[in-house]
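J.:
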Amino acid sequence: MMIPRIIFLLQFSTLIYLFTVYCFSSTDEEATALLKWKATFHNENNSLLASWTLSTDACRDDWYGIICINGRINRLNIANVGVTGTLYDFPFSSLRLLEYVDLSMNQLFGPIPPELGKLSNLVHLNLSNNQISGSIPPQTGSLTKLETLSISQNHLNGSIPSELGKLKHLTDLELSYNQLSGSIPITLGDLTELKILHLFSNQLFGHIPNELGNLKNLTDLSLSNNQLSGSIPITLGDLTELKLLYLYSNQLSGHIPSELGNLKNLTDLDLSANQLSGSIPITLGGLTELKILHLFSNQLSGHIPSELGNLKNLTDLSLSNNQLSGSIPITLSDLTELKLLYLYSNQLSGHIPSELGNLKNLTNLGLSANQLSGSIPITLGGLTELKILHLFSNQLSGHIPNELGNLKNLTDLDLSANQLSGSIPITLGGLTELKILHLFSNQLSGHIPSELGNLKNLTDLLLSHNQFSGSIPITLGDLTELKLLYLYSNQLSGPIPSELGKCNKLTDLRIARNRIGGSIPPEIGNVKGLLGLDLSSNHLIGQIPKEFGKLTSLIRLLVQNNSISGNIPGEFVSLEKLESLDLSDNRLNGSIPTCIGDFVHLFQLNLSNNKFGENIPVEIGKMTQLNVLDLSYNLLVGDIPPQLANLKVLVDLNLSHNCLAGHIPEELESMTSLQVVFLSYNELEGPIPNNKAFITASLQGNKGLCGNLTGFQPCESPSKHSIVKRRHKLILITLLPVMGGLVLLYAFVGLLLMCDRRRRRAKDDGRRNDDGWVSISMLDGKALYRDILNATEEFDSTFCIGQGGHGSVYKVNLPSLGTIAVKKLHSSFEISTHPKSFMNEVRAMTGIKHRNIVNLYGYCSHAQHSFLVYEYAERGSLSSILSNEVECKKLDWLKRVNIIKGVAFALSYMHQDCSPPIVHRDISSSNVLLDSEYDARVSDFGIAKLLKPDSSNFTALAGTYGYVAPELAYTMKVTQMCDVYSFGVLALEIIKGKHLGEYITVLANSSAMDHHVQLSDFLDERLPYPEDRVNELLVLIIKLASSCLVETPKSRPTMQFISHKLSSMDAYAHPFL
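If you count by mature numbering (1 follows the signal peptide of the UniProt record, and there is no 0), then the sequence shown holds residues -18 to -1, 1 to 1055, one letter each, in order.
#1: In whole angstroms, what separates the C-alpha of E156 from that of L131?
#2: Go to F887, then tell me how far its alpha helix (DSSP H) extends in each direction, as first and last residue.
#3: Report the option in V868, V956 and N597 whose CA atom is closest to the CA atom of D904.
#4: Sorted by chain position, which residues of the same chain lie with C-beta nearer than 8 Å to L80's C-beta, five sequence neighbours on each side aside?
#5: Please report the straight-line C-alpha distance between T153 and L445, rounded to a whole angstrom.
#6: Considering only their Cβ atoms, is the gap separating S535 from G507 smaller than 8 Å?
#7: Output the distance between the C-alpha atoms of K793 and L873, rounded to the nearest integer angstrom.
#8: Taking C-beta to C-beta, are L368 and L347 nearer than 8 Å?
#9: Quick check on R497: does DSSP put it in helix, strand or coil?
#10: Contact between the stretch 234 to 254 and the stretch 198 to 212: three or more CB pairs below 8 Å?
#11: Is the beta carbon of L466 sitting closer than 8 Å to the one on I498?
#12: Could you tell me which residues DSSP pairs with R538 in its beta bridges?
#13: Could you give the first and the last residue of the continuous alpha helix (DSSP H) run that contains S405?
#14: If I follow the unbroken beta strand (DSSP E) through K57, where does it start and stop?
#15: Who pairs with E665 in a beta bridge, going by DSSP?
#16: CA-CA distance, P671 and L539?
#17: Rank P669, K674 and L226 by C-alpha distance to the C-alpha of N684 and give the top, closest one.
#18: Quick check on Q449: does DSSP put it in helix, strand or coil?
#19: Relative to the C-alpha of G188, which candidate in I178, L205 and D172 has its C-alpha closest?
#20: Assess, as a yes-or-no matter, whether the stretch 962 to 976 is touched by the stretch 1015 to 1027 under the definition of 3 or more beta carbon pairs within less than 8 Å.
#21: Taking C-beta to C-beta, are G789 and L766 nearer than 8 Å?
#22: With a CB to CB cut of under 8 Å and the five nearest residues on each side skipped, what residues in its chain are close to E1003?
#23: How many angstroms separate the CA atom of T366 from the CA atom of K390?
#24: Secondary structure at A803, three-state DSSP: helix, strand or coil?
#25: Suppose the cutoff is 7 Å on Cβ atoms and the five residues either side in sequence are ignored; what does the same chain contact list for G884 look like?
#26: How long is the line joining the alpha carbons of I358 and E869, rounded to whole angstroms?
#27: Given that a residue counts as buried once 16 or more other Cβ atoms are within 10 Å of its Cβ, and exposed if not, what is T774?
#28: Out of S501, K559, E529 and K532, which has the shortest C-alpha to C-alpha gap to S518?
#29: Got a sec? Which residues, its chain only, sit under 6 Å from T1036 by beta carbon, not counting five neighbours each side?
#30: Return the chain-ordered list of same chain residues with a C-beta closer than 6 Å to the C-beta of N436, the five sequence neighbours on each side being excluded.
#31: Are the CB atoms of V920 and V836 within a distance shorter than 8 Å?
#32: Helix or strand or just coil, what does DSSP make of G116?
#33: Between the alpha carbons of V962 and K630, how many angstroms are there, rounded?
#34: Below 8 Å CB to CB, which residues in the same chain sit around C641 once its five sequence neighbours on both sides are set aside?
#35: Quick check on DSSP: helix, strand or coil for I1020?
#36: Quick check: what's the CA-CA separation for D396 versus L378?
What follows is the structure, given as structure tokens:
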């Protein structure tokens, strides 16, 4: 009995020994493999991994981040230790018993090796917050025991492997914040244990798989910030355990499924920033656990369901930027936990319910940009937690309630662009936390309360476009945090308070168009960060303070239309950043300082209507960015400096009504950008430059100008004197042959004229014959007329593709021209009353050939039909595409920039290169067509007029509402600036994706991109936010477009200047202000 027992003990001891040796050897192998991996780190001497050495045991000596079981490494956790390296040499083969790996929050880079699939015992893998790139290896699907897989916040690309559907035990899958593309694999619907699925912030596209409805244990589903399209699957309504559903910032369309009302455990529902349409399902009112409901920035319509008042736990309700209509339900006042209520940018009407005063926890209330009317409820004064109150751009009337002074936590109050009247309540002076106060564009009157000086945190105070009277309170000088102060377009009087010089953070000060008197306080020069200063159109006297020289950041200085006298201070030499300087209509004298040539960024210089004397400084030629130069109505003498030819982008030059003498420099012939030239009423002489702008220039009132222009003597050639002498010697020899030659010449010319007249009668007048039809076309007009009637079955409605103000448009396919567009004119069209002028217009239009203008092939008329024949644009009108929720997505930011460029080029061509120039008069998104490549083609010259220099340009108001320049309403005078205004409106519409409506008026009286306006306010929310390069292009275009909207036509840029800017712009755009 002893011998077998001894043998057993010996065998057991041997087994124990061999196991121990194996464990130690295996541990040594694992440790050695980890040390080899550590040796590849870029920061191998990491202090936290100092315990990893050859002289220590990985398990027994407690290596950092290592946990062993039975002498084998089981867990590896070195999260957030600052490792910089790759996974190439990670010992996947040596660590087969690993169950837990956390390498998150390091600086790992490079791809994930396919050897990852060898870690077959892995339960938890976290590689998030690194810089890992490449694709997810399909071998990941071999980790069948995996419960947690997190690779978020890396640089992964490629598609999500369908093999992940094999990870049946997975409860947490997080792949967010990468660059993954492709569609969501339907195999993810097999992960029935899944509780968390995060795929947000990638580049995934395609539909959301219906199969995700199989994930019955899912509590958190986030697919936001991708490019997913199609409708929301109704199967998501089966995920009854779901607490968070985030689908925002995609391209989802269709209705919100009513089945989402089954998700009774839902606390967060965010479907914002998509293209969802239809009404808000009333079933959402059953989600009684809901805390956050975000449906903003969609195309939802209909009324806001009163059932939302059942969501008693709701803290955030944002339905803004939709097309919701009707009134605000009073049931929303039952949401007593609500902190944020955003209903702005809809079509809501009716009164603001006084019951909203019950929402005592409310911190943010945004009802702006609707059609709300009536007065502001005094009950809003009970919302003492309120921080933001936005009611701007509505139709609110009545007084501003005194009770708003109770909102002691308010930081942002915007009641602008309404019809509010009465005075500003002095109680607003108690809102000491206020940072933004916008009351502009109302009908407010009375004095500006001195109590506003108590608002020590105020950064924006905008009170412009009201009827305020009295003086500017000196207490405004106490607002030391103020950045924007807009008081323009009121009836303010008295002096500018010197105390404003204490507002040393002020960047933009506008007090224009008031009745301000006295002198400009020199203390303004202490506001050294000032970028814009507008004191124009007041009653200011005295001199320009020399302290202005300290305003070295100044970009725009406007002091025109006052009674300022004296010289321009020499200290102006410091204002090197100026882009716009207007001192016109004052009493300034002395000489124009030579330092003005240092203003190399100057875009506009207007010193007209003053008493400046002496010569024009040659240094002006250094201002190479100058677009407008107006020195008219002064006492300037001497020659015109030839250095003006260096102003390569100068468009408008006005030196009229001075005492300039000598010749017009021949160097000015090279100024191809010039469009408008005024040199009248000087003492100029000599030849007129051979430049297009000088041909139409205002040159009258000079003593000796000559040239081949109407009203001027031809210039004498240098050989004229010798020719006169020789004429006496040759007169008898040449008289008879010359006389005979003249007779023959007159006879020949007369014959040609008779033939030409007969030819034009037969062709243009226009190909009129006994049948009573008229045509102007590049083809046989009569055959064209007949072919079009046959092809359209005499204009059957089935061929009609659109209706316009002057006729119906038909799509026609002809063998001779291919696909064309035929506009059949209404019988009331003006040819019946002005046939000759109309025919001249059509003839001129057929001669226009430009890649951004729709070709007009011709015109045909008969007693029965009259129509214009145009080139056909495949994609139709810009307006139809912008209003189509699917098609508008195809107009990405670069396409939109190119469309804006195309329209600008077309208008510049019409204004500058057509003779006589053409004003379109009806530029709108409906009259811009797009071809197959999305290039812009300007169309519909139905109401365009040819601007002949010797004809009247006064005409009936025409154009599309919302695009018509404001001056047309009272002057009825058509100018090229009318098109410029319309272009500005259109450019902003293209970027926003819709017409800006009444906000155009607000924008016309302020600088686009003011500090309180964000670029995002101008962008089409249906497109992804633009990348930085495109972002800067859009900023430049918005600034150009806004400059087209100014009230004074002559202050708008020309289309040639705009097209030049757009042609030369690149990825960098310098902001104006």
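Backbone N, C-alpha and C fix where the C-beta goes; we use that ideal spot for every residue, glycine too.
A quick note: this is a predicted structure, and the numbers were derived from the prediction, not measured.
T.: Let's see:
#1: Taking the sequence shown and counting its residues from 1, the one referred to as residue 156 is at position 174. Taking the sequence shown and counting its residues from 1, the one referred to as residue 131 is at position 149. Each residue's Cα considered, the two are about 6 Å apart.
#2: One-based indexing of the sequence shown puts residue 887 at position 905. That run of the alpha helix (DSSP H) goes W875 to S890.
#3: Here residue 904 is taken as the residue at index 922 of the sequence shown, counted from 1. The shortest Cα separation from D904 among V868, V956 and N597 belongs to V956.
#4: Start at 1 with the first residue of the sequence shown, and residue 80 comes out as number 98. The answer, listed in chain order, is I55, N56, R57, L58, L101, N103 and L104.
#5: For the purposes of this step, residue 153 is taken as the residue at position 171 of the sequence shown. For the purposes of this step, residue 445 is taken as the residue at position 463 of the sequence shown. Cα-Cα distance, rounded: 57 Å.
#6: The count along the sequence shown starts at 1 and reaches residue 507 at position 525. The count along the sequence shown starts at 1 and reaches residue 535 at position 553. Cβ distance not < 8 Å, so G507 and S535 don't count as in contact.
#7: Position 811 of the sequence shown, counting from 1, holds the residue named residue 793. Position 891 of the sequence shown, counting from 1, holds the residue named residue 873. Cα to Cα, K793 sits roughly 24 Å from L873.
#8: For the purposes of this step, residue 368 is identified with residue 386 of the sequence shown, where counting begins at 1. For the purposes of this step, residue 347 is identified with residue 365 of the sequence shown, where counting begins at 1. Yes, Cβ-Cβ distance for L368 and L347 is below 8 Å.
#9: Here residue 497 corresponds to residue number 515 of the sequence shown, with the count starting at 1. In this structure, R497 counts as strand in the three-state DSSP scheme.
#10: yes
#11: Here residue 466 is taken as the residue at index 484 of the sequence shown, counted from 1. Here residue 498 is taken as the residue at index 516 of the sequence shown, counted from 1. For L466 and I498, no; Cβs fall outside 8 Å.
#12: Here residue 538 refers to the residue found at position 556 when the sequence shown is read from its first residue. Bridge partners of R538: G514 and S562.
#13: The residue labelled residue 405 in the question sits at position 423 within the sequence shown. Membership of S405 in any alpha helix (DSSP H) is not indicated, and neither H nor E is assigned to it by DSSP.
#14: Start at 1 with the first residue of the sequence shown, and residue 57 comes out as number 75. For clarity, residue 57 is Arg in the given sequence; the question names Lys instead. Per DSSP, R57 belongs to the beta strand (DSSP E) from R54 to N59.
#15: As a first step, residue 665 must be located in the sequence shown, where it is residue number 683. According to DSSP, E665 bridges with A643.
#16: Within the sequence shown, the letter at position 689 stands for residue 671. Within the sequence shown, the letter at position 557 stands for residue 539. Taking the straight line from one Cα to the other gives about 34 Å.
#17: Within the sequence shown, residue 684 is the residue found at index 702, counting from 1. For the residues P669, K674 and L226, the minimum Cα distance to N684 belongs to P669.
#18: Mapped onto the sequence shown, residue 449 falls at position 467. Of the three classes helix, strand and coil, the one that applies to Q449 here is strand, per DSSP.
#19: Within the sequence shown, residue 188 is the residue found at index 206, counting from 1. Between G188 and the set I178, L205 and D172, the nearest pair of CA atoms involves L205.
#20: yes
#21: Position 807 of the sequence shown, counted from the start, is the residue given in the question as residue 789. Position 784 of the sequence shown, counted from the start, is the residue given in the question as residue 766. Against a cut-off of 8 Å, the Cβ pair of L766 and G789 comes out as no contact.
#22: Locating residue 1003 in the sequence shown gives position 1021, counting from the first residue. Excluding residues within five positions, the ones whose Cβ falls inside 8 Å are A255, S279, N303 and G975.
#23: To locate residue 366, count along the sequence shown from 1; it is residue 384. To locate residue 390, count along the sequence shown from 1; it is residue 408. Distance between the alpha carbons of T366 and K390: 7 Å.
#24: Here residue 803 refers to the residue found at position 821 when the sequence shown is read from its first residue. A803 falls in the strand class under three-state DSSP.
#25: The residue labelled residue 884 in the question sits at position 902 within the sequence shown. Closer than 7 Å at Cβ, skipping near neighbours: N834, D917 and A918.
#26: Mapped onto the sequence shown, residue 358 falls at position 376. Mapped onto the sequence shown, residue 869 falls at position 887. Going from the Cα of I358 to the Cα of E869 covers about 40 Å.
#27: Residue mapping note: residue 774 aligns to position 792 of the sequence shown, counting from 1. T774 should be labelled buried.
#28: Within the sequence shown, the letter at position 536 stands for residue 518. Closest option to S518, Cα to Cα, is S501.
#29: The count along the sequence shown starts at 1 and reaches residue 1036 at position 1054. So the qualifying residues of the chain are V633 and Q657.
#30: Position 454 of the sequence shown, counting from 1, holds the residue named residue 436. Answer for N436: G411, listed in chain order.
#31: Here residue 836 refers to the residue found at position 854 when the sequence shown is read from its first residue. Here residue 920 refers to the residue found at position 938 when the sequence shown is read from its first residue. Yes. Within cutoff.
#32: Taking the first residue of the sequence shown as 1, we reach residue 116 at position 134. G116 falls in the strand class under three-state DSSP.
#33: Counting from 1 along the sequence shown, the entry for residue 962 is found at position 980. Counting from 1 along the sequence shown, the entry for residue 630 is found at position 648. The alpha-carbon atoms of V962 and K630 are separated by roughly 21 Å.
#34: Translated into the one-based positions of the sequence shown, residue 641 becomes position 659. Cβ within range, chain order: L617, L618, V619, N664 and E665.
#35: For the purposes of this step, residue 1020 is identified with residue 1038 of the sequence shown, where counting begins at 1. The answer is helix: DSSP assigns I1020 an H, G or I state.
#36: In the sequence shown, residue 396 corresponds to position 414, counting from 1. In the sequence shown, residue 378 corresponds to position 396, counting from 1. Going by the C-alpha atoms only, they are around 12 Å apart.
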